[in-house]
Structures are given as C-alpha cells and as structure tokens.
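Read in my numbering, the sequence shown has 187 at position 119, and its numbers run on one by one without any break. Glycine included, every Cβ here is placed at the ideal spot set by N, Cα and C. For reference, the structure is listed below as structure tokens.
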Amino acid sequence: MALIRFPLNAKNIGYVRNNKASTTTILNYIGQILWDEKPTNISGTGTIMGNLGDDAYYGREKGFDFYKQELLQCDIKIAVYRDPINKLLSGFYHSKLQKPHLNLDTFLDNYQLTMEKDNYIRIHCRTNTDMLGKSKDIYDYVFNTNEVDTKLKPLLEDWSNKKILPVKHRKQTYPKPTKQQIEKIKIIFQNDYENRWC
C-alpha cells in the first residue's frame, strides 16, 4: 500500500507496506524500536506519520510503480510477501467485516471490476506483485510472512540494539476455500506465481 521510510543507525530503511502481509505487526515493531510503541497498540498510517513525519509514509494507496524510485534510493530495502491464496482470502474476509454483503464466489468472478470500483477492497486484495514489483532482486531482504518473527524481528533488534516484544494483532480465521475457489485465486494472482511471490 505504500513505502515506509525510517532512519536507523545512519541508514535509510525502506519497507514496502504490502497489506495483508503482517503489516500491522511490522509497523508495531518499527514503532517499538523508534518511539517505544506499546506492543498492544495497533500502529497505522497516523502513528507512522505522527512519529516520523509526512515523508516517512510515501505513496499511500499507490502501487509499486508509484514509489519504485523512492524505494531504490533507500540504503536498505525490505519486502514481506504472503502466499497468494492466503493473501487474497485474508484481504477478502477483512473487507467483509466492513462490507458484510460480500460473497467470495461473486468477488472472484468479478475481481477486476470490484478492484476498480471499490478502493477499500482494492487496498486489501491486491497482489504481492502490485505492491512489491515483479522482481525480488531489488530488495536487500525478502521475507515470507511466516518469517517475520523468526528473521525480520531479530534483524530489527540487531540493527536497533533494542528488544522487540512479539505481537499478533489481527488473528484471523475464515472458511476453507473450495478447490474451484483456489483455482480462481491462482488465476487472479498468476503474476505472483510467475514472479515467485509465493
């Protein structure tokens, strides 16, 4: 959803906020090392900008092409992605909390049209490729969401020389998709498979 930029040990860190890929957790971890954010707090856009300034949050609600050049100027570039099927399902069921009328089959059949018409759903249901670009090669560190606590958190602790308390803000459960739904998601998120964001 945007590029988060923050200074750490004289380095400019660039982290791409890829919605439904542990972003709430990661933003809290950044807050813990930079302004002693409480692990119980949900750190969002306002918190980041309020503590780091307007330039820290670049390209809100934009895609990768919008902030690519700014990302490339960062000393350290971090990407976190999520399995495409789980990413779309998580985004859909998160959107359904605000829009209870949503139906998964109808959404999958009309994915592109819905994404064009509904900004809230678009923010939460975009592909990893839309947010992170087509190549992992431009990043210095690439993590799957399963590696946030085991690899990214220790790295942030090492860089900051601070201990980070683990958090799990958005524990989400949703119905198991049918085989047909999984196949539709794979088609919709085909670029993620092609670009190895899976």
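Checking the DSSP bridge columns, you'll see F74 partnered with I81. Separation of T91 and T113 (C-alpha to C-alpha, rounded to the nearest whole angstrom) is 11 Å. DSSP places Y126 within a strand segment (E or B) once states are collapsed to three. With a minimum length of 4 residues, the unbroken runs of alpha helix (DSSP H) contained wholly in the stretch 196-249 fall at 196-200, 221-228. Excluding its 5 nearest sequence neighbours in each direction, E138 has C-beta neighbours in its own chain below 6 Å: L71, Y126, listed in chain order. Annotation for K145: the continuous beta strand (DSSP E) segment containing it runs 144-149. In this structure, the beta-carbon distance from N259 to T195 falls below 8 Å. Nearest in C-alpha terms to K230, of all of D104, I256, C142, is D104. Of the residues assessed, D122 falls on the exposed side of the cut-off, its CB having fewer than 16 other CB atoms within 10 angstroms. Excluding sequence positions up to five before and after N119, its CB lies within less than 6 Å of the CB of W103, all in the same chain and listed in chain order.
Considering only S111, V84, K88, the residue with the shortest C-alpha distance to D133 is V84.
The criterion of a C-beta distance shorter than 8 Å is not satisfied by V235 and V148. Burial state of R264 is exposed, judged by a 10 Å Cβ sphere holding fewer than 16 other Cβ atoms. I81 and I110 have their alpha carbons spaced roughly 21 Å apart. Apart from the 5 residues on each side of it in sequence, K164 sits with its Cβ closer than 6 Å to the Cβ of L170 in its chain, given in chain order.
Along the stretch 89-121, the alpha helix (DSSP H) occurs as fully enclosed runs of 4 or more residues at 91-103, 113-120, listed in sequence order.
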